[in-house]
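Q: Its first residue numbered 2, the sequence shown is counted upward by one per residue in UniProt numbering.
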Amino acid sequence: SLQYTPVDDIDEIVKLSKASFEERQAEISKFKNPRNHDLKLRLDTLKSLYYSVKDHEAEIIEALLNDFKRSKHETVVMELVVLYNSILQYIKKLPHWIKPEKIRESSALFMFSNVSVDRISLGSVLVISPFNYPVLLGLEPVAAAIAGGNSVVWKPSELVPNTSRLLGNIISCHVSSKWLKVVQGAVTETTRLIQNPNFDKIFYTGSTKVGAIVAQEAAKHLTPYTLELGGKSPVFITEHFSESNMRAALKRVFFGAFSNSGQTCVASDYVIVHESQIKKIKELAKGVLDEFWPILDKDTDYTCMVHEKAYESAKKKLECTDGTTVQPSNVAAELPKNCLPPTVVFDVGWDHALMKEENFAPFLPFVTYVDLDDAIAKVKKYHNNPLAMYIFSNNKHETERIMTQVKSGACMIGDTLVHVAAQNAPFGGIRQSGSGSYHGRWSYSAFTHERTVIRQPFWTELMNGVRNPPYTPTKPKMAQA
Ligand code: NAD
């Protein structure tokens with residue numbers, strides 16, 4: 002099992018993290034060009050982080066397999082590859098990001114000034130991550146924080162003990178503890194961390210419920226935070242979506258719903274479909290499931306639920322409710338522990354058990370609508386501000402009607418889920434699904450402060466008379482000229 006960090010050591014770890022940041026800044030400041038030296042240190046640390054993961058890829062895949070029989074394919078494609086791309090992007094772009102950005106200031110007051118925005122490091126930051134993509138959602142923010150020049154304390158998820166232990170060991174061997182410290186633990190340890198007043202930022206990824214706790218604790222010390230939370234992300238299949246693309250659409254929706262066994266923050270959680278389309282969908286659903294899983298047994302590269310409790314409660318939710326379920330044709334009687342087959346559920350109303358909370362299981366309920374405005378109103382009433390929204394429609398106005406009325410963290414038209422891998426676009430939620438964003442240059446913004454720097458020449462002093470006392474009636478007019 003995973004050895005938790007002793008709670009009484011935690012405050013000291015945070016203190017050391019903060020001290021290592023301050024020491025580094027003092028050291029860097031001795032160089033003639035501190036920024037160049039800082040850049041080199043950050044790049045070296047990012048490279049160590051990159052290779053520490055890359056060199057232990059096989060062990061990471063194995064650890065995740067042991068934790069929740071995570072599909073090897075999903076670990077490689079949905080975690081490792083995305084993480085490598087992100088770290089490599091940070092390495093490539095950092096020499097540009099670290100430079101102050103020159104600003105053209107239009108006010109006459111700054112006509113002869115040198116105005117820039119300098120993105121400065123925050124200090125020591127706390128990164129807390131969830132179980133579902135523990136490598137990517139842990140180490141991408143960690144890498145972003147390092148790119149920003151910060152010291153980091155990382156709290157991985159206790160729900161994937163093999164992976165968290167392995168990553169903790171790898172990091173302590175390969176990445177300087179002056180940059181990155183790992184605190185292992187669950188609620189008690191995390192609570193101690195978020196109550197510490199010395200962090201300069203908290204970056205939290207996890208459930209909306211815990212996100213609110215993090216925000217409350219952070220507020221006590223005015224610690225800034227980014228919250229990457231969850232929720233129910235809807236899929237709209239509208240009246241005017243072309244039937245000829247329906248099979249492809251279902252593949253895309255099922256991919257979003259069943260990857261990682263539905264344990265994905267931006268999973269397609271439920272489908273709202275116009276009643277004229279449901280017949281065709283019912284005809285096609287089983288065929289698509291059978292194409293994806295010609296057989297589902299112990300040898301299938303298919304992810305299980307994270308633990309028995311999640312498995313039991315999901316199973317119960319499905320068993321105790323009505324609706325018509327569709328599963329792949331060839332599901333073995335004996336499945337691995339905590340494994341639930343992908344299940345589409347038709348004939349579901351808004352009051353169905355699967356329509357209440359984020360499913361976080363391989364279930365996909367379909368609700369039908371007649372009037373689009375009514376469907377939109379239901380989304381807003383029950384699951385407002387989702388992390389993502391997916392629209393399948395061939396009608397521009399229909400799409401606009403949905404997008405204008407339903408706010409969401411992100412929106413994909415014609416696909417699901419893969420927007421997470423967009424490298425040059427921000428990723429984040431809105432209100433209940435999160436605040437703040439990251440990825441690409443937004444990652445750099447999340448872990449730096451934008452400091453405006455204005456350099457004033459002295460030869461302009463003659464012109465400053467207008468702003469100085471004595472104030473005469475003519476001066477305001479001159480200032481406005
Ligand atoms: P979780 O909120 O239970 O746990 C996340 C982290 O918070 C863990 O490190 C855990 O130790 C800690 N934690 C748990 N309870 C706590 C408490 N009471 N006080 C302090 N810390 C606590 O989330 P999870 O089950 O690991 O992950 C699933 C959730 O995360 C889902 O809701 C999902 O939508 C969301 N999620 C969001 C994103 C995103 O990018 N927006 C990504 C992945 C998952």
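All C-beta atoms, glycine included, are put in the ideal place defined by N, C-alpha and C.
Let's test the definition: count the other Cβ atoms within 10 Å of the Cβ of residue 295 and tell me whether it reaches 16, buried, or not, exposed.
A: Here residue 295 corresponds to residue number 294 of the sequence shown, with the count starting at 1. It is exposed - the Cβ of residue 295 has fewer than 16 other Cβ atoms within 10 Å.
Q: Per DSSP, what are the beta-bridge partners of residue 272 in this structure?
A: Taking the first residue of the sequence shown as 1, we reach residue 272 at position 271. In DSSP, residue 272 forms a bridge with 236 and 367.
Q: So, using beta-carbon positions, are residue 184 and residue 6 closer together than 7 Å?
A: The sequence position of residue 184 within the sequence shown is 183, counting from 1. The sequence position of residue 6 within the sequence shown is 5, counting from 1. In this structure, residue 6 lies closer than 7 Å to residue 184 by Cβ.
Q: DSSP state of residue 391, grouped into three classes?
A: By one-based count along the sequence shown, residue 391 stands at place 390. Strand at residue 391.
Q: Decide if the stretch 119 to 130 is in contact with the stretch 11 to 20; the criterion is three or more beta carbon pairs, one per stretch, under 8 Å apart.
A: Flag = yes, the stretch 119 to 130 and the stretch 11 to 20 touch.
Q: Assess contact between the stretch 413 to 429 and the stretch 438 to 453, defined as three or more Cβ pairs (one per stretch) separated by less than 8 Å. Is contact present?
A: Taking 8 Å as the limit for Cβ pairs, the verdict is that the stretch 438 to 453 does touch the stretch 413 to 429.
Q: Taking C-alpha atoms, which residue in 113, 206 and 424 lies nearest to residue 158?
A: Here the question's residue 158 lines up with position 157 in the sequence shown. The candidate whose alpha carbon is nearest that of residue 158 is 206.
Q: In angstroms with no decimal places, state the Cα-to-Cα distance between residue 267 and residue 290.
A: For the purposes of this step, residue 267 is identified with residue 266 of the sequence shown, where counting begins at 1. For the purposes of this step, residue 290 is identified with residue 289 of the sequence shown, where counting begins at 1. Each residue's alpha carbon lies about 20 Å from the other.
Q: Of all the options 433, 444 and 434, which has the alpha carbon lying nearest to the alpha carbon of residue 425?
A: Here residue 425 is taken as the residue at index 424 of the sequence shown, counted from 1. The residue with the shortest Cα to Cα distance from residue 425 is 444.
Q: Compute the minimum distance between the beta carbon of residue 131 and the heavy atoms of the ligand ATP, and state whether it is under 6 Å.
A: Among the ligands in the structure shown, the ligand ATP does not appear; only the ligand NAD can be found there.
Q: What are the residues that DSSP puts in a beta bridge with residue 326?
A: Translated into positions along the sequence shown, residue 326 becomes position 325. Answer is 346, bridged to residue 326.
Q: Please give the ranges of any beta strand (DSSP E) in the stretch 169 to 224, keeping only runs that are unbroken, at least 3 residues long and fully inside the region.
A: The stretch 169 to 224 contains these whole beta strand (DSSP E) runs: 181 to 183 and 202 to 206.
Q: If you measure between the beta carbons of residue 387 and residue 434, is that distance less than 7 Å?
A: Position 386 of the sequence shown, counted from the start, is the residue given in the question as residue 387. Position 433 of the sequence shown, counted from the start, is the residue given in the question as residue 434. Yes, the Cβ-Cβ distance between residue 387 and residue 434 is below 7 Å.
Q: Helix, strand or coil for residue 307 per DSSP?
A: Against the sequence shown, residue 307 aligns to sequence position 306. Here residue 307 sits in coil by DSSP.
Q: Got a sec: does the ligand NAD put a non-hydrogen atom nearer than 6 Å to the Cβ of residue 80?
A: In the sequence shown, counting from the first residue as 1, residue 80 sits at position 79. No, the ligand NAD has no heavy atom inside 6 Å of this Cβ.
Q: Report yes if the CB atom of residue 3 is closer than 7 Å to the CB atom of residue 162, and no otherwise.
A: What you label residue 3 is simply residue 2 of the sequence shown in a count that begins at 1. What you label residue 162 is simply residue 161 of the sequence shown in a count that begins at 1. Yes; because the gap between Cβ atoms is below 7 Å, this pair is in contact.
Q: With DSSP as the reference, identify every bridge partner of residue 397, one or two as the case may be.
A: Mapped onto the sequence shown, residue 397 falls at position 396. DSSP lists no partner for residue 397.
Q: Apply the 10 Å Cβ neighbour rule to residue 243 and answer buried if 16 or more other Cβ atoms are within range, or exposed otherwise.
A: Numbered from its first residue, the sequence shown carries residue 243 at position 242. Exposed.
Q: Using DSSP's beta-bridge definition, name the partner residues of residue 450.
A: Counting from one through the sequence shown, the residue named residue 450 turns up at place 449. Answer is 121, bridged to residue 450.
Q: Are there three or more Cβ pairs, one per stretch, closer than 8 Å when the stretch 241 to 260 is compared with the stretch 275 to 294?
A: Judged by Cβ distances under 8 Å, the stretch 241 to 260 makes contact with the stretch 275 to 294, as three or more pairs qualify.
Q: Which whole-angstrom value describes the C-beta separation of residue 377 and residue 403, a residue pair presumed to lie in contact below a C-beta threshold of 8 Å?
A: As a position in the sequence shown, residue 377 is number 376, starting the count at 1. As a position in the sequence shown, residue 403 is number 402, starting the count at 1. Indeed they touch by this definition, with Cβ atoms about 6 Å apart.
Q: Measuring only from the beta carbon, is residue 326 closer than 6 Å to any heavy atom that is part of the ligand NAD?
A: As a position in the sequence shown, residue 326 is number 325, starting the count at 1. No; taking the cut-off as 6 Å, the Cβ of residue 326 has no heavy atom of the ligand NAD nearer than that.
Q: When you compare each of 202, 361 and 150 to residue 99 by their alpha carbons, which one comes out closest?
A: Here the question's residue 99 lines up with position 98 in the sequence shown. Checked all of 202, 361 and 150; the closest Cα to residue 99 is 150.
Q: Thinking residue 487 and residue 231 are a contact (beta carbons under 8 Å), I'd like their distance in whole angstroms, please.
A: Since the first residue of the chain shown is 2 and the last is 482, residue 487 is not available in this structure.
Q: Taking the DSSP output, what are the residues bridged to residue 411?
A: Within the sequence shown, numbered from 1, the residue matching residue 411 stands at position 410. 389.
Q: Relative to the alpha-carbon of residue 135, which residue among 109, 91, 469 and 75 has its alpha-carbon at the smallest distance?
A: Locating residue 135 in the sequence shown gives position 134, where the first residue counts as 1. Ranking 109, 91, 469 and 75 by Cα distance to residue 135 puts 75 first.
Q: Any heavy atom of the ligand NAD closer than 6 Å to the beta-carbon of residue 208?
A: Locating residue 208 in the sequence shown gives position 207, counting from the first residue. Yes, since a heavy atom of the ligand NAD falls inside the 6 Å radius drawn around the Cβ of residue 208.
Q: Taking the alpha carbon of residue 52 as the point to measure from, which residue in 36, 26, 322 and 84 has its own alpha carbon closest?
A: Position 51 of the sequence shown holds residue 52. Answer by Cα proximity: 84.
Q: To which residues does DSSP link residue 260 through a beta bridge?
A: The residue given as residue 260 occupies position 259 in the sequence shown. Answer is none; residue 260 lacks a bridge partner.
Q: Decide if residue 1 is buried, meaning its Cβ has at least 16 other Cβ atoms within 10 Å, or exposed.
A: Absent from the model: residue 1. The displayed extent of the chain is 2 to 482, so no value can be given.
Q: If you reduce the DSSP assignment to three classes, tell me which class residue 136 lands in.
A: For the purposes of this step, residue 136 is taken as the residue at position 135 of the sequence shown. In the structure shown, residue 136 sits in coil (DSSP, three-state: anything other than H, G, I, E or B).
Q: Just to confirm, is the Cβ distance from residue 208 to residue 391 under 7 Å?
A: In the sequence shown, residue 208 corresponds to position 207, counting from 1. In the sequence shown, residue 391 corresponds to position 390, counting from 1. No, the Cβ-Cβ distance between residue 208 and residue 391 is not below 7 Å.
Q: So, residue 226 versus residue 203, is the Cβ gap smaller than 7 Å?
A: The sequence position of residue 226 within the sequence shown is 225, counting from 1. The sequence position of residue 203 within the sequence shown is 202, counting from 1. Result yes, Cβ atoms of residue 226 and residue 203 sit closer than 7 Å.
Q: Report buried or exposed for residue 156, applying the criterion of at least 16 other Cβ atoms within 10 angstroms of its Cβ.
A: As a first step, residue 156 is located in the sequence shown; it is residue number 155 there, counting from the start. Flag for residue 156 reads buried.
Q: Measure the CB-CB distance between residue 154 and residue 182 and report whether it falls below 7 Å.
A: In the sequence shown, residue 154 corresponds to position 153, counting from 1. In the sequence shown, residue 182 corresponds to position 181, counting from 1. Yes; because the gap between Cβ atoms is below 7 Å, this pair is in contact.
Q: What's the C-alpha gap between residue 325 and residue 421?
A: For the purposes of this step, residue 325 is taken as residue 324 along the sequence shown, with counting starting at 1. For the purposes of this step, residue 421 is taken as residue 420 along the sequence shown, with counting starting at 1. Near 31 Å, if we compare the C-alpha coordinates of residue 421 and residue 325.
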